[in-house]
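One structure is given here, and the rest of the page talks about it.
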Amino acid sequence: IRELKASGMVNDTPTESNAADCTVSLDGSWQHRGHASHHGVVTAISVDTQKCVDAEVLTNICKWCQHWEAKKESVGYEKWKLTHICKINHTGSAEAVGAVRIFSWSEQMRKLRYKQYLGEGDSASFKKVLETKPYGNLEVEKLECVGHIQKRCGTRLRKLKNENKRLKLDDRKGLGGIGRLTDKKIDTLQNYYGFAIRQNPGNLDKMLCDIMAVLPHVGSTDVNPNHGGCPNDSWCKYKLNPEKYRHGLPQAVMDFIQPVFTDLANEDLLRKCLHGKTQNSNETLNKLVWQRCSKEVYVERETIEEAVFSAISF
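Numbering-wise (this note's numbering), the sequence shown opens with residue 143 and increments by one.
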């Protein structure tokens, strides 16, 4: 692959081809956490086949360059420089650079055209791919990872709870505490939201109905049960056994968290989730890579490339 890149067979100009269209999930992973990591891996996996169609290993450090930097005036420096192949192959965001490269050569090298990009949130990587227009006037469509969107619900609710610890609601009680918005209840709400998305692939109307049924479900009381919108064959335990079901959140809590669910029921967002897919395959592949390549010690780019190729062929 590196020889093809160096030979100029891969370029940024889209050409007419018989490339097949497909959807890929893209994800980046780093040898070390945070911005301190010098090595990154970007993988593209076919959503349909769950096979890795491309991967790019990126590094922004070269130990040989560092070694010779202090010896520029030495006799051997020029001789070393003439034969040296630098290990650095990117600057800036590794995930964005990797995504752009994977898309830019997909037609020439893979005979594939990635019409849909499944990734996390409004990522900088996707924006960079759009800017490069890898397929000319054909704009790549963004799809959301259902798993990340589900977690977004819990993240929003936890943030709301943490930012309003001292606030008294309309019933003169706090947002958190026993019988109110506990961490366990947030997990439950997040799961209900995720169920509503995952169990309705391709059906936006049903997805919306199930999401909007979540708060009435948890806010119902024994006197006034409100489970009419809950799916008959899903997560509503009241419909399974009304006698044993324990009702949940007070109305004041319901009113306070309603805006979060209104935002998360946005139709434009949910349309990007109609596929019902996640980036779990990318995360599994990342795990296999780092099982083969230690995160505890420094390694060269070639070592990580070998780990990536081994993980892909596993």
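The beta-carbon is built from N, C-alpha and C at its ideal position, and this holds for glycine as well.
*From what residue to what residue does the beta strand (DSSP E) around Val166 run?*
162-172
*Taking Val189 and Val166 to be in contact with their CB atoms under 8 angstroms, please state how far apart those CB atoms are, rounded to whole angstroms.*
7 angstroms
*Any idea which residues DSSP pairs Gln258 with across the strands?*
Thr165, Glu283
*asked:* Suppose you measure from the CA of Arg443 to the CA of Cys435; what does that come to, to the nearest Å?
replied: 11 angstroms
*Tell me which same chain residues have a C-beta within less than 8 angstroms of the C-beta of Val356, skipping the five on either side of it?*
Leu331, Tyr334, Tyr335, Ala338, Phe403
*In chain order, which continuous runs of the beta strand (DSSP E) of length 3 or greater are located wholly inside the segment 179-215?*
181-188, 194-201
*Distance between Thr185 and Cys194 (C-alpha atoms, nearest Å)*: 7 angstroms
*Return the first residue and the last residue of the alpha helix (DSSP H) that Ser267 is part of.*
266-274
*DSSP three-state assignment for Glu385, whether helix, strand or coil*: coil
*What did DSSP end up calling Gly289 once you bin it into helix, strand or coil?*
helix
_Quick check: what's the CA-CA separation for Trp222 versus Val441?_
21 angstroms
*Spatially closest choice to Thr363 from Trp210, Gly390, Leu346, Cys204, by CA coordinates*: Gly390
*Val365: buried (16+ other C-beta within 10 angstroms of its C-beta) or exposed?*
exposed
*Using three-state DSSP, classify Val365 as helix, strand or coil.*
coil
*Which residue comes first and which comes last in the alpha helix (DSSP H) that contains Tyr219?*
217-225
_Using C-beta distances below 7 angstroms, list every residue in its chain close to Tyr387, excluding the 5 sequence neighbours before and after it, in chain order._
Lys379, Tyr380
*For Arg300, collect the residues of the same chain with a Cβ closer than 7 angstroms to its Cβ; drop the 5 residues on either side in sequence, then sort them by chain order.*
Ile328
*Look at Ala238 and Lys270 and say whether their C-beta atoms are less than 7 angstroms apart.*
yes
_Sequence-distant residues of the same chain with beta carbon closer than 6 angstroms to Glu447, five excluded per side_ = Val199
*Can you grab the Cα-Cα spacing for the pair Gly318 / Asn424, in whole Å?*
36 angstroms
*Straight-line CA distance for Ala394 to Lys310?*
10 angstroms
*Distance, Ser171 Cα to Glu262 Cα*: 13 angstroms
_Nearest-angstrom Cα separation, counted from Gly289 out to Gly370_ = 27 angstroms
*Considering only the beta carbon of each residue, do Leu224 and Leu260 sit closer than 7 angstroms?*
no
*Given 8 angstroms as the limit, is there contact between the segment 206-214 and the segment 249-258, that is, 3 or more CB pairs closer than that?*
no
*Under a Cβ-count criterion, where at least 16 other Cβ atoms within 10 Å of its own Cβ denotes burial, should Ala449 be classed as buried or exposed?*
buried
*Using a threshold of 7 angstroms, state whether the C-beta atoms of Asp163 and Arg255 are closer than that.*
yes
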